[in-house]
Amino acid sequence: MICLGIESTAHTFGVGIVKGKKVIANAKSSYSTESGGIIPANAAEHHVNACADLITKAADQAGINLKDIDLIAFSQGPGIGHCLRIGAMSARALSCFLEKPIVGVNHCVAHLEIGKMLTGAKDPVLLYVSGANTQVIAFDNGKYRIFGETLDIGIGNFLDSFARHIGLGFPGGPKIEALAKKGKKYIDLPYCVKGMDVSLGGILTNVKQKHNSGNYAKEDLAYSVQETVFSMLLEVSERALFHCSKKELLLGGGVACNTRLKQMSMEMCRANTFKCFFVDNEYNVDNGAMIAWLGLKKFKEGKKQKIEDTSIRPYWRTDED
Ligand code: ATP
Ligand code: FE2
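For the working numbering, add 201 to where a residue sits in the sequence shown, where the first one is 1.
This is the structure we're talking about:
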């Protein structure tokens with residue numbers, strides 16, 4: 202079976218095509234800004250302008266005709282309403298035009314399932330770290346569950362906000378990573394793990410104040426930020442692994458591109474004899490292939506949707522899937 206998947210939860214409009222377990226296309230275009238964050242209406246406009254060309258591009262990449270597609274999948278949520286709506290409308294239009302079934306999928310679960318498919322991990326705990334999302338997810342006792350999450354902002358938004366504060370542009374994560382490599386001294390920062398959850402807002406305020414004081418080198422602050430918040434995330438992931446009696450850690454989301462986070466994940470896994478899995482960065486960031494793959498999986502499990510059931514779900518939680 203061939204499934205075309207559309208991703209449009211935030212800044213990226215992605216169109217991926219899978220044929221069984223093989224990704225045969227993964228086209229995308231991302232909205233970016235010179236300064237500041239995402240303006241929802243502008244991101245949606247980017248998606249409107251990009252959608253038709255990307256669908257054609259993906260079909261070309263895959264070497265197929267649109268008529269060869271058996272199923273249309275799309276990100277139904279969670280995400281920014283303005284953006285989700287463009288992906289959903291494109292998927293509905295394709296489904297009606299091609300007279301093929303449509304399946305809406307959960308974006309966070311898609312990160313988990315593409316990771317499993319690409320790495321061969323069987324039953325992992327996913328540390329999903331992107332701009333807006335920070336969750337520790339696993340399939341346990343019959344459903345996807347969240348074992349830990351941020352209580353306030355996402356880790357990527359946290360890094361982007363700190364980067365913006367010290368005069369670096371968006372996306373800030375890679376710039377903080379480069380700066381952190383030059384840091385030498387660990388500066389004490391609040392360490393905010395609350396039960397199985399993490400809180401990042403207070404650390405952000407603290408590190409901004411430290412920067413404003415002029416007493417600290419920004420390289421040392423960047424280094425200390427990474428060491429602190431990545432330790433928090435791995436502490437929670439480690440506990441989730443023990444709690445669920447699972448043995449595999451999988452990383453996903455844009456922040457999973459970070460080399461130091463990967464290194465620390467491997468260290469934690471080695472210490473516990475867990476296996477550690479990463480995907481190529483192309484699949485860490487938002488992409489259409491993961492939507493196509495989860496759509497196909499859900500369809501094969503019997504999920505059927507009518508067009509009238511395809512309204513977007515901006516606040517769809519992973520544990521409601
Ligand atoms: P979602 O809709 O799932 O929340 P998103 O729209 O934020 O995703 P992603 O591409 O998954 O998109 O993640 C983007 C985030 O990843 C940005 O905050 C960016 O700074 C961060 N990021 C990218 N590369 C790195 C890196 N090397 N180190 C740390 N953070 C990174
Ligand atoms: Fe994502």
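The beta carbon of each residue, even a glycine, is placed where N, CA and C say it ideally should be.
Any non-hydrogen atom of the ligand ATP closer than 7 Å to residue i Cβ
i      : result
Gly332 : yes
Gly288 : no
Asn459 : yes
His308 : yes
Thr210 : yes
Leu205 : no
Pro372 : yes
Val456 : yes
Residue i vs residue j beta-carbon contact at 8 Å
i      : j      : result
Thr429 : Leu390 : yes
Leu401 : Thr474 : no
Gln427 : Ile377 : yes
Asn227 : Asn459 : no
Asp349 : Ala274 : Residue identity differs from the one stated: residue 349 is Gly in this sequence, not Asp. No.
Cβ of residue i within 8 Å of any chain E Cβ
i      : result
Ala490 : Within the model displayed, chain E is absent; a lone protein chain is all it includes.
Coarse secondary structure for residue i, derived from DSSP in three states
i      : result
Arg461 : helix
Val438 : The question names Val, but residue 438 is Ser in the sequence shown. Here Ser438 sits in helix by DSSP.
Thr234 : coil
Val337 : strand
Lys301 : coil
Thr474 : coil
Cys204 : strand
Gly349 : strand
Val249 : helix
Residue i: CB within 7 Å of a non-hydrogen atom of the ligand FE2
i      : result
Asp487 : yes
Gly349 : no
Exposed unless 16 or more other CB atoms sit within 10 angstroms - verdict on residue i
i      : result
Asp471 : Per the sequence shown, residue 471 should be read as Arg rather than Asp. Per the 10 Å Cβ criterion, exposed.
Met202 : exposed
Pro241 : exposed
Ala245 : buried
Gln277 : buried
Asn307 : buried
Counting only runs that start and end within the region 410-455, where is the beta strand (DSSP E) found for 3 or more residues in a row?
449-453
Which full runs of the beta strand (DSSP E) of 3+ residues lie inside the region 259-300, going along the chain?
272-278
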